[in-house]
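Here is the structure we will look at.
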Amino acid sequence: MAAPYDLKDDSVVVIIGSGAGGGTLGNELAQKGIDVVILEAGARHEYEDFINDEWDSFAQLAWLDKRTTGGGWRVAKDFPNLPAWIVKAVGGTTTHWAGASLRFQDHEFKALTNYGKVEGANLLDWPITLADLEPYYDKAEDKMGVTRTHGIEGLPGNNNFKILKAGADKLGYKECHTGHMAINSADRDGRMGCQQTGFCFQGCKWGAKWSTLYTEIPKGEATGKLEVRPQSHVVKIEHDSSGKATGVVYADKDGKLHEQKARVVAVAGNSIESPRLLLNSHSSKFPNGLANSSGHVGKHYMRHTTGSVYAIFEKPVHFYRGTTMAGIVRDEARHDPSRGFVGGYEMETLALGIPFMAAFLDPGGWGRSFTSALDHYDHMAGLWIVGEDMPQEQNAVKLHAELKDDYGMPIPDVWFTDHPNDVAMRNHAYAQGQAIYSAVGATRAFPTPPYPSTHNLGTNRMSEKAEDGVVDKWGQTHDIKNLFVSDGSQFTTGGAENPTLTIVTLAIRQADHIASQMSAGAI
Amino acid sequence: MVTIYEMQAGLSRRELLKRGSIGAMLVISGSALISPRNAWGLEVTALKPETMATLIVLARDIYPHDQLADRFYAIAVKGQDAKAGKDAAHKELIENGVADLDKRAGGAGYRSLGWEDDRVAILRDIETTPFFQAVRGDLVVSLYNQKELWPIFGYEGESYSKGGYIARGFNDIEWL
Chain A
793 MAAPYDLKDD
803 SVVVIIGSGA
813 GGGTLGNELA
823 QKGIDVVILE
833 AGARHEYEDF
843 INDEWDSFAQ
853 LAWLDKRTTG
863 GGWRVAKDFP
873 NLPAWIVKAV
883 GGTTTHWAGA
893 SLRFQDHEFK
903 ALTNYGKVEG
913 ANLLDWPITL
923 ADLEPYYDKA
933 EDKMGVTRTH
943 GIEGLPGNNN
953 FKILKAGADK
963 LGYKECHTGH
973 MAINSADRDG
983 RMGCQQTGFC
993 FQGCKWGAKW
1003 STLYTEIPKG
1013 EATGKLEVRP
1023 QSHVVKIEHD
1033 SSGKATGVVY
1043 ADKDGKLHEQ
1053 KARVVAVAGN
1063 SIESPRLLLN
1073 SHSSKFPNGL
1083 ANSSGHVGKH
1093 YMRHTTGSVY
1103 AIFEKPVHFY
1113 RGTTMAGIVR
1123 DEARHDPSRG
1133 FVGGYEMETL
1143 ALGIPFMAAF
1153 LDPGGWGRSF
1163 TSALDHYDHM
1173 AGLWIVGEDM
1183 PQEQNAVKLH
1193 AELKDDYGMP
1203 IPDVWFTDHP
1213 NDVAMRNHAY
1223 AQGQAIYSAV
1233 GATRAFPTPP
1243 YPSTHNLGTN
1253 RMSEKAEDGV
1263 VDKWGQTHDI
1273 KNLFVSDGSQ
1283 FTTGGAENPT
1293 LTIVTLAIRQ
1303 ADHIASQMSA
1313 GAI
Chain B
882 MVTIYEMQAG
892 LSRRELLKRG
902 SIGAMLVISG
912 SALISPRNAW
922 GLEVTALKPE
932 TMATLIVLAR
942 DIYPHDQLAD
952 RFYAIAVKGQ
962 DAKAGKDAAH
972 KELIENGVAD
982 LDKRAGGAGY
992 RSLGWEDDRV
1002 AILRDIETTP
1012 FFQAVRGDLV
1022 VSLYNQKELW
1032 PIFGYEGESY
1042 SKGGYIARGF
1052 NDIEWL
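Chains A and B are the protein sequences, given in the same order. For the record, in the first sequence the residue sitting at position 462 is 1254 according to our numbering, with numbers rising by one throughout. For the record, in the second sequence the residue sitting at position 154 is 1035 according to our numbering, with numbers rising by one throughout.
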């Protein structure tokens, strides 16, 4: 059973957030016999509670606390209070993610070295390499049951994939398959295989898709060394006069504040809430926020260069049937500046139901140009573009100057503007995506703008030197030894790959480091 | 709440002429809108019935789908009446917005313009106004989130209770 820990117990590791980073770290530490309290802002919904309905599920799972956004991106105009589509629930965004689990490519860890200086971008090499992470990628893939690794079969392709594959073949693309997915292609690890239900974004009601909610968390709880406290929204991290983190203040479901003491604090609230919390934890000793001597907390917000291409065919497709992200083309993920941009991108199938297609196909769009597209909904195929975007200093999560949340803390204000490299990449990807569909007879195609961000990265970035970032190669903050960052905000650069596998990989590796530092008495 | 109700019987031709029709389809009767041919009605509580009738036409002009009956649009804009009942500022926004449409249309008002293109030309001029944005922003959810409408577009909705599509055509494409 889950261990209940006393608020005054200062021997525990407190993890803020229960998603890919926090949920994994919590289980890994508990397996090593370390006492862990995970504070999760959202409620606990088990997988049978998930809802096969887009808006109802959105109301159940999405992080809807007020945020503001600005900058040149279209999301600021179309979704001014929803910069990101991420989750507030136990399991975090691993309840919502599609399951694509791709390793970073070697060259992506050395973006500055390999791409050279890009004007207007603050590229930096990661302080770690692919070789450093490979053993941990291996563990993560095994843990998550990633298809096409560890002898696990690929998923069968649905109609949306078959169209992608036929078009990719015609274009001469070589690497197109049903992906490396953390979705069981057969029963594994006590969870069943994919039933091709669709609604991956709404939480998998079969538990076939990996989520910390029904893997890491119950496994950790079974050790008796992990307590997950839902509806516990952390508002501040406390420290002592020496600058060491000593505990966190959180609001319970009734808004009542408590302080949980801690030996170690790990922040894993995703790339908007994590920097917000560090900034909101400012004190007389740290007037610019915790772990922010470099001034980099909240900066270099990345969200991947994304977009979608939907296309209409003469005959039916029914693309919403089956796995939402049912296949991938990887050929454009390479770094090849002859295309007019640095870095690369992936193309992955995607399908939305009618309610979300109406909301996202052309946000704000109306009239017959818009509705005639929806009229052929069952003749549609679609793909999503995910590519490396440039870290830019002015793209940042800031504290709102006036607006505050229910607990009196400034809300996050998310600023983003595309870099010219992002625009060039997206335009290239739009053209290639449309070419794939034209090759199999599409009669009309729609280059669809980016949705609110699901891949939020980089706001507490990892750096060799303390002046270049917030955390070191272990995710340990440069400034405070017992304060860690355990989510995608650590990413130095974004790579072209969906980030979850790398977040899980870093968390497994970080758990080893925390355990060894604790046993050495260093923290 | 949506209070679309089924009508027991259609109105006589004489009644129709007396009450005046909206386009060829909707009739205003007291505080209700009635679709005699399709046998449904809509009770209006906060907005003027004429305003609601215009909202229904406006909704179709914003998201025109010729295969959808008026009742889907009526259900979709019913929330504007409910919101107007709770929020005086919203009521004013809608009433003034519709009055502005009628003024721009001239003559017998927005609903009397026979061609969609003529109505849409007016909408293009006001598409950035808070009125238009309030109607469109609500409509994109209230129209397309009606489950009864999904099959018309070939969307099957919830699939978990049917065991997903693993045995129901997830890979049944034959024309490739």
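We put the beta carbon where it would ideally sit given N, CA and C, even for glycine. Here the structure is a predicted model, which is why all the values come from computation and not from measurement.
C-alpha gap between residue i and residue j, whole angstroms
{"i": "B/Thr935", "j": "B/Gly966", "result": "18 Å"}
{"i": "A/Gly1159", "j": "A/Asp1271", "result": "55 Å"}
{"i": "B/Arg941", "j": "A/Trp865", "result": "30 Å"}
{"i": "A/Ala1037", "j": "A/Val1178", "result": "37 Å"}
{"i": "A/Ala1237", "j": "A/Ala1054", "result": "54 Å"}
{"i": "B/Tyr1025", "j": "A/Val1041", "result": "42 Å"}
{"i": "B/Gly990", "j": "A/Pro1239", "result": "37 Å"}
{"i": "A/Thr1297", "j": "A/Asp930", "result": "8 Å"}
{"i": "A/Phe1111", "j": "A/Ala1173", "result": "6 Å"}
{"i": "A/Asp845", "j": "A/Gln852", "result": "10 Å"}
{"i": "A/Thr1246", "j": "A/Thr886", "result": "11 Å"}
{"i": "A/Thr1015", "j": "A/Asp827", "result": "10 Å"}
{"i": "A/His837", "j": "A/Ala881", "result": "7 Å"}
{"i": "A/Asn951", "j": "A/Arg1113", "result": "8 Å"}
{"i": "A/Trp855", "j": "A/Asn873", "result": "11 Å"}
{"i": "A/Gly1132", "j": "A/Ala1216", "result": "7 Å"}
{"i": "A/Leu1275", "j": "A/Thr1116", "result": "37 Å"}
Per-residue burial, residue i [other beta carbons within 10 Å of its own, 16 or more giving buried]
{"i": "A/His888", "result": "buried"}
{"i": "B/Gln1014", "result": "exposed"}
{"i": "A/Trp998", "result": "buried"}
{"i": "B/Trp1056", "result": "exposed"}
{"i": "A/Ala1303", "result": "buried"}
{"i": "A/Ala1151", "result": "buried"}
{"i": "A/Ser810", "result": "buried"}
{"i": "B/Lys1043", "result": "exposed"}
{"i": "B/Gly995", "result": "exposed"}
{"i": "A/Glu1008", "result": "buried"}
{"i": "A/Leu925", "result": "buried"}
{"i": "A/His1088", "result": "buried"}
{"i": "A/Gln1186", "result": "exposed"}
DSSP bridge partner residues for residue i (one or two, in chain order)
{"i": "A/His969", "result": "A/Ile1120"}
{"i": "A/Ile1104", "result": "A/Met1172, A/Arg1236"}
{"i": "A/Glu1259", "result": "Paired residues: none, contrary to the question."}
{"i": "A/Arg1021", "result": "A/Leu831"}
{"i": "A/His1031", "result": "A/Ala1037"}
{"i": "A/Pro1204", "result": "A/Leu1191"}
{"i": "A/Ile807", "result": "A/Ile830, A/Ala1058"}
{"i": "A/Met1094", "result": "A/Leu1249"}
{"i": "A/Arg1383", "result": "What the structure shows of chain A is the stretch from 793 to 1315, and residue 1383 of chain A is not part of that stretch, so it cannot be assessed."}
{"i": "B/Ser869", "result": "The question about residue 869 of chain B has no answer here: the residues shown for chain B are numbered 882 through 1057."}
{"i": "B/Ser910", "result": "B/Ala913"}
{"i": "A/Gly862", "result": "A/Trp1207"}
Collapsed DSSP secondary structure at residue i in the structure displayed
{"i": "A/His888", "result": "coil"}
{"i": "A/Leu1049", "result": "strand"}
{"i": "B/Ile1033", "result": "helix"}
{"i": "A/Met1254", "result": "strand"}
{"i": "A/Glu1065", "result": "helix"}
{"i": "A/Val1109", "result": "coil"}
{"i": "A/Lys1001", "result": "strand"}
{"i": "B/Val1022", "result": "helix"}
{"i": "B/Arg1000", "result": "helix"}
{"i": "A/Tyr1137", "result": "strand"}
{"i": "B/Trp921", "result": "strand"}
{"i": "A/Phe1078", "result": "coil"}
{"i": "A/Phe1276", "result": "strand"}
{"i": "B/Lys967", "result": "helix"}
Contact under 7 Å by Cβ, residue i with residue j
{"i": "A/Ala1143", "j": "A/Ala1288", "result": "no"}
{"i": "A/Ala757", "j": "A/Leu817", "result": "For chain A, the structure presents residues 793 to 1315; residue 757 of chain A sits outside this window and is missing."}
{"i": "A/Thr970", "j": "A/Phe991", "result": "no"}
{"i": "B/Met933", "j": "B/Leu949", "result": "no"}
{"i": "A/His1050", "j": "A/Ala833", "result": "no"}
{"i": "A/Ala1223", "j": "A/Tyr1137", "result": "no"}
{"i": "A/Leu821", "j": "A/Val805", "result": "yes"}
Proximity test, residue i beta-carbon vs the ligand COA heavy atom, cut-off 6 Å
{"i": "A/Val1059", "result": "The ligand COA is absent from the structure shown, which contains no ligands of any kind."}
Residues that residue i contacts on chain C, provided the C-beta gap is smaller than 8 Å
{"i": "B/Phe1034", "result": "In the displayed structure, chain C is absent; the protein chains listed are A and B."}
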